[in-house]
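Asker:
4 protein chains.
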Amino acid sequence: MSRPKSEEKRLSLLQAAAEAICERGVGAPTSLIAKRAGVAEGTLFRYFPSKEALLNEVYLFNYRLLTTATRASFDRADPLQQRAHAVWNSYIDWGLANPVGYRAMSQLAVTDILTAETRAEEARLFPDAGLRESVATNEIFTGLPQLFADTILVAVASATVKFAAEYPERTDEYKLRGFRAFWRMVEQ
Amino acid sequence: MSRPKSEEKRLSLLQAAAEAICERGVGAPTSLIAKRAGVAEGTLFRYFPSKEALLNEVYLFNYRLLTTATRASFDRADPLQQRAHAVWNSYIDWGLANPVGYRAMSQLAVTDILTAETRAEEARLFPDAGLRESVATNEIFTGLPQLFADTILVAVASATVKFAAEYPERTDEYKLRGFRAFWRMVEQ
Amino acid sequence: MSRPKSEEKRLSLLQAAAEAICERGVGAPTSLIAKRAGVAEGTLFRYFPSKEALLNEVYLFNYRLLTTATRASFDRADPLQQRAHAVWNSYIDWGLANPVGYRAMSQLAVTDILTAETRAEEARLFPDAGLRESVATNEIFTGLPQLFADTILVAVASATVKFAAEYPERTDEYKLRGFRAFWRMVEQ
Amino acid sequence: MSRPKSEEKRLSLLQAAAEAICERGVGAPTSLIAKRAGVAEGTLFRYFPSKEALLNEVYLFNYRLLTTATRASFDRADPLQQRAHAVWNSYIDWGLANPVGYRAMSQLAVTDILTAETRAEEARLFPDAGLRESVATNEIFTGLPQLFADTILVAVASATVKFAAEYPERTDEYKLRGFRAFWRMVEQ
DNA sequence: AATGAATGAGTGTTCATTCAT
DNA sequence: AATGAATGAACACTCATTCAT
Chain A
245 MSRPKSEEKR
255 LSLLQAAAEA
265 ICERGVGAPT
275 SLIAKRAGVA
285 EGTLFRYFPS
295 KEALLNEVYL
305 FNYRLLTTAT
315 RASFDRADPL
325 QQRAHAVWNS
335 YIDWGLANPV
345 GYRAMSQLAV
355 TDILTAETRA
365 EEARLFPDAG
375 LRESVATNEI
385 FTGLPQLFAD
395 TILVAVASAT
405 VKFAAEYPER
415 TDEYKLRGFR
425 AFWRMVEQ
Chain B
245 MSRPKSEEKR
255 LSLLQAAAEA
265 ICERGVGAPT
275 SLIAKRAGVA
285 EGTLFRYFPS
295 KEALLNEVYL
305 FNYRLLTTAT
315 RASFDRADPL
325 QQRAHAVWNS
335 YIDWGLANPV
345 GYRAMSQLAV
355 TDILTAETRA
365 EEARLFPDAG
375 LRESVATNEI
385 FTGLPQLFAD
395 TILVAVASAT
405 VKFAAEYPER
415 TDEYKLRGFR
425 AFWRMVEQ
Chain C
245 MSRPKSEEKR
255 LSLLQAAAEA
265 ICERGVGAPT
275 SLIAKRAGVA
285 EGTLFRYFPS
295 KEALLNEVYL
305 FNYRLLTTAT
315 RASFDRADPL
325 QQRAHAVWNS
335 YIDWGLANPV
345 GYRAMSQLAV
355 TDILTAETRA
365 EEARLFPDAG
375 LRESVATNEI
385 FTGLPQLFAD
395 TILVAVASAT
405 VKFAAEYPER
415 TDEYKLRGFR
425 AFWRMVEQ
Chain D
245 MSRPKSEEKR
255 LSLLQAAAEA
265 ICERGVGAPT
275 SLIAKRAGVA
285 EGTLFRYFPS
295 KEALLNEVYL
305 FNYRLLTTAT
315 RASFDRADPL
325 QQRAHAVWNS
335 YIDWGLANPV
345 GYRAMSQLAV
355 TDILTAETRA
365 EEARLFPDAG
375 LRESVATNEI
385 FTGLPQLFAD
395 TILVAVASAT
405 VKFAAEYPER
415 TDEYKLRGFR
425 AFWRMVEQ
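This is how it looks when you write it as structure tokens:
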């Protein structure tokens, strides 16, 4: 596929789209996104073939940032719970540090805009901290799809981000309590 | 005098709206909703002043059904865990028995369509099984807003409904495992 | 033609329509008119075959009231200018005393709702104070259609009502000045 | 770069709107206006933010043409009555030469579509022939708002245009008689 | 006779996408 | 490559009129 001219414009569009989604939902018009990105309306469609493709890219772009941060947060040599806690903290921290990207992802996740390809790429990118195999094979989750445990994990983490963001002065408390709730579920 | 306004049409519209939301999201056109309900486009607006009002009613209508089922499921005389399990089961069961209403509610809950009035009515309808006070005041949730525990609970329940619906032959297993995960979080 | 049951309802509808036109223009919905009249939406169409017919009746109804008042205001025995002044005053006074009907007429007069029949009836009702023949046959108006002089007369009178209504404390002044302007035009 | 927005299309829309207003009143649909202008429905809203804005522009556009013609018609060095007559003739002539624009303005003037901004611009554009101050300060109009005299003047002029247009063979006669009527009112 | 529920064509406006410049 | 003018199918909502009750 041909590389577009300006990587900078592409990033502007992704960022502008995330902002627009935060403010106006996934129904935010492409004209608004283009304006926020400082490009012409038509230019958006030279970087992304359609609005749907743009929104899928917004999701994956931010998901990559999130998983990259998460992946860098732990050391394989650390004991299991410590690794889990590190991953948990990096997830919450990224959500708090990137509220626009995080909220855009949350919005996109509940629509039917995300394609099967996006979902597949998302699954591929999910960071392997060695947690999945060892943790979620306790009496509760054993024998069930890994995705079931993942879904619950993300759900609890999302609730934690939401409340931690809403009460900034109690961020650390929500982070810790959220982790404890999560850990209660997945520990052996 | 004249024809009374038809409760049947009202129900048709609520049901048609829920179906349309499942298929096309909250952006489903009112014309589609009316057509599915078997009424003229204009008729929709004689039963509901606006699309927004209709969607709020869809949410509350299904929420009332859900909480009515939940409320009928437990006996105050039963011990705590038994009550919790009964409420849990009735919630999951309702979601499985009413997939359209359940999915419509889920979609509506993540948009900003629901008004403060709807949220207030929702809170008022929440069935008091004596769980909230006694359960979610353990070492994890004590001192944090009740809503934090509620949000996590609903998140786990939603994941359970989702997977139980997707694998009908393992419904009972998901219900049980989901409850155990939930109970691990909230028990003292 | 069959007489409708209730003359009272008919008058209510005419009055309600005039009020609605004042507030919302000729686009005022029939449902609003019916509600203001205290009757059901459908009832309006049992008294008037269509909205257009109702509005034409509103015009003629008020025009009849206006010309009746005007016609009663002068004595044929009085000298010309006195008669003219009496007619003038009664016109302005009626407009001030019946602002709703007057404004409704003004609105209706500038739309194309009024039919040729209504215009013909209007011309038939125009009060003959002996002014038309004797006054508007001066050097200016002689040889031109009577309607030309009438149109100008009504235009000047309308402006007078408008300003007299807007500045109630100077009503008498506007009435007098307006008459003098009119009289300058039509006197021999 | 890209196509510039077409002044021609803008003029087409203004003209089409004036025609539509003449035929169907201010309630003429924007779709009809667009069709008459030879553009797509959506295009109208790229040139004017709303129907209301378009109609205000129709008024001002024609008012500018009218006042430009009027302003060019007189010489400040001429005596008062001659200047007045020149202005009067140019006003009537413009109305006769531009019946569509003139009628559209007349319709718009009696609705509540014209905004305060439009009214202000209209006042600003009013050509100063030195008439207002010297003419309409005779015994009749002195001490009353200038707008009162203006309103009456316009009313008489409108009646003149209307009849002159209806009887083209007597145009000059109506123009002259109308001016004489006007002059009788305003002369000292 | 009176009601008001029901209708569906019509309204102003939006917006993803195309394409002439 | 970049622009933004142009498009026209939707969309939410209105309303004069009909007709079952």
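Going line by line, the protein sequences match chains A, B, C and D. When you read off a place in the first sequence, starting at 1, and then add 244, the result is the number in the working numbering. When you read off a place in the second sequence, starting at 1, and then add 244, the result is the number in the working numbering. When you read off a place in the third sequence, starting at 1, and then add 244, the result is the number in the working numbering. When you read off a place in the fourth sequence, starting at 1, and then add 244, the result is the number in the working numbering. Glycine included, each C-beta is placed from N, C-alpha and C at the ideal position. Note that the structure is a prediction, hence the values are computed from the model and not measured.
Please work out which residues of its chain come closer than 8 Å, Cβ to Cβ, to residue 333(A), disregarding the five sequence neighbours upstream and downstream, and give them in chain order.
Answerer: Here the set comprises 317, 419 and 423.
Asker: Only counting the same chain, and skipping five residues up and downstream in sequence, which positions put a Cβ closer than 7 Å to that of residue 358(A)?
Answerer: Answer for residue 358(A): 300, 303 and 352, listed in chain order.
Asker: Using a threshold of 8 Å, state whether the C-beta atoms of residue 396(B) and residue 403(A) are closer than that.
Answerer: Yes; because the gap between Cβ atoms is below 8 Å, this pair is in contact.
Asker: Here's the rule I'm using: 16 or more other beta-carbon atoms within 10 Å means buried, otherwise exposed. How should residue 305(A) be labelled?
Answerer: Flag for residue 305(A) reads buried.
Asker: Skipping 5 residues on each side, what residues in its chain have a beta carbon closer than 7 Å to that of residue 245(C)?
Answerer: Any answer about residue 245(C) is weak, because its pLDDT of 45 lies below 50 and its placement is not dependable; what the coordinates show is given next. Answer for residue 245(C): no residue qualifies.
Asker: Using a Cβ-Cβ cutoff of less than 6 Å, which residues in the same chain neighbour residue 278(A) once the five nearest sequence positions on both sides are dropped?
Answerer: Around residue 278(A): 285 and 288.
Asker: Apart from the five residues on each side of it in sequence, which residues of its chain come closer than 8 Å, Cβ to Cβ, to residue 251(A)?
Answerer: Excluding residues within five positions, none has a Cβ falling inside 8 Å.
Asker: Given this structure, state the Cα-to-Cα distance separating residue 328(D) from residue 377(D), to the nearest angstrom.
Answerer: Computed Cα separation, rounded: 12 Å.
Asker: Can you name, in chain order, every residue of its own chain whose Cβ lies under 8 Å from the Cβ of residue 292(C), other than the five neighbours on each side?
Answerer: The answer, listed in chain order, is 257, 298 and 301.
Asker: Quick check on residue 370(C) - is its C-beta less than 8 Å from some C-beta in chain D?
Answerer: Chain D contact via Cβ: absent.
Asker: Would you say residue 359(B) faces chain A, with C-beta separation under 8 Å as the test?
Answerer: Output row for residue 359(B): interface = no.
Asker: Going by alpha carbons, who is nearest to residue 367(C) out of 307(C), 411(C) and 354(C)?
Answerer: Taking only the C-alpha atoms, the option nearest residue 367(C) is 307(C).
Asker: Looking at residue 280(B) and residue 296(B), is the spacing between their C-beta atoms short of 8 Å?
Answerer: In this structure, residue 280(B) does not lie closer than 8 Å to residue 296(B) by Cβ.
Asker: List, in order along the chain, the chain A residues whose C-beta lies closer than 7 Å to that of residue 388(B)?
Answerer: Within 7 Å Cβ-Cβ: 421.
Asker: Using beta carbons (cut-off 8 Å, strictly below), is residue 434(B) in contact with chain A?
Answerer: Summary: the structure shown does not reach residue 434(B), with chain B confined to residues 245 through 432, and so no result is reported for it.
Asker: Can you check whether the C-beta of residue 429(B) is within less than 8 Å of a C-beta belonging to chain A?
Answerer: Residue 429(B) counts as touching chain A.
Asker: Can you list, in chain order, the stretches of the alpha helix (DSSP H) that have 4 or more residues and sit fully within the stretch 301-381 of chain A?
Answerer: 324-341, 343-353, 360-369 and 375-379, all fully within the stretch 301-381 of chain A.
Asker: Would you kindly check if the distance between the Cβ of residue 342(D) and the Cβ of residue 391(D) is under 8 Å?
Answerer: For residue 391(D) and residue 342(D), no; Cβs fall outside 8 Å.
Asker: Where does residue 393(D) fall in DSSP's three states?
Answerer: Residue state, collapsed to three classes: helix.
Asker: Name the residue from 348(A), 331(A), 344(A) and 371(A) whose alpha carbon lies nearest to the alpha carbon of residue 401(A).
Answerer: Nearest of 348(A), 331(A), 344(A) and 371(A) to residue 401(A), Cα basis: 331(A).
Asker: Assign residue 249(A) to one of three DSSP states: helix, strand, or coil.
Answerer: Of the three classes helix, strand and coil, the one that applies to residue 249(A) here is coil, per DSSP.
Asker: Taking a contact to mean a Cβ-Cβ separation below 8 Å, would you say residue 432(B) touches residue 382(B) in this structure?
Answerer: Closer than 8 Å, so yes.
Asker: Would you say residue 405(C) faces chain D, with C-beta separation under 8 Å as the test?
Answerer: No, residue 405(C) lies away from the interface with chain D (no Cβ there is under 8 Å from its Cβ).
Asker: Taking only beta-carbon atoms, is residue 395(C) less than 8 Å away from chain D?
Answerer: Yes, contact with chain D.
Asker: Between which residues of its own chain and residue 274(C) is the CB-CB distance below 6 Å, once the five residues before and five after are set aside?
Answerer: Closer than 6 Å at the Cβ level, and outside the excluded window around residue 274(C), lie 288 and 295.
Asker: Put residue 386(A) into one of helix, strand or coil per three-state DSSP.
Answerer: In this structure, residue 386(A) counts as coil in the three-state DSSP scheme.
Asker: Name the chain C residues that come within less than 7 Å of residue 381(D), Cβ to Cβ?
Answerer: Neighbours of residue 381(D) on chain C: none; closest Cβ ~13 Å, over 7 Å.
Asker: Using the beta-carbon of each residue, which ones in chain D are nearer than 8 Å to residue 355(C)?
Answerer: Those within 8 Å of residue 355(C) in chain D are 269.
Asker: Should residue 385(C) be labelled buried (16 or more other beta-carbon atoms within 10 Å of its own) or exposed?
Answerer: Its Cβ being crowded by 16 or more others within 10 Å, residue 385(C) is buried.
Asker: List the residues of chain C that residue 399(D) touches, going by C-beta distances under 8 Å, in chain order.
Answerer: Residues of chain C passing the Cβ test: 396, 399, 400, 402 and 403.
Asker: I'd like to check one pair, residue 373(B) with residue 393(B): are the Cβ atoms closer than 8 Å?
Answerer: No, they are not a contact pair.
Asker: Report, in whole angstroms, the separation of the C-beta atoms of residue 355(D) and residue 339(C), which I expect to be a contact under 8 Å.
Answerer: Wrong, their Cβ atoms sit about 20 Å apart, outside the cutoff.
Asker: Check the Cβ-Cβ distances between residue 384(B) and every residue of chain A, and say whether any is below 8 Å.
Answerer: It does: the Cβ of residue 384(B) has a partner Cβ on chain A nearer than 8 Å.
Asker: Identify which residue in 350(A), 267(A) and 261(A) has its Cα closest to the Cα of residue 282(A).
Answerer: The candidate whose alpha carbon is nearest that of residue 282(A) is 261(A).
Asker: Using beta carbons (cut-off 8 Å, strictly below), is residue 262(C) in contact with chain D?
Answerer: For residue 262(C), the answer is no, since every Cβ of chain D falls outside 8 Å of its Cβ.
Asker: Please list, in chain order, the chain D residues whose beta carbon lies closer than 8 Å to that of residue 424(C).
Answerer: In chain order: 383 and 384.
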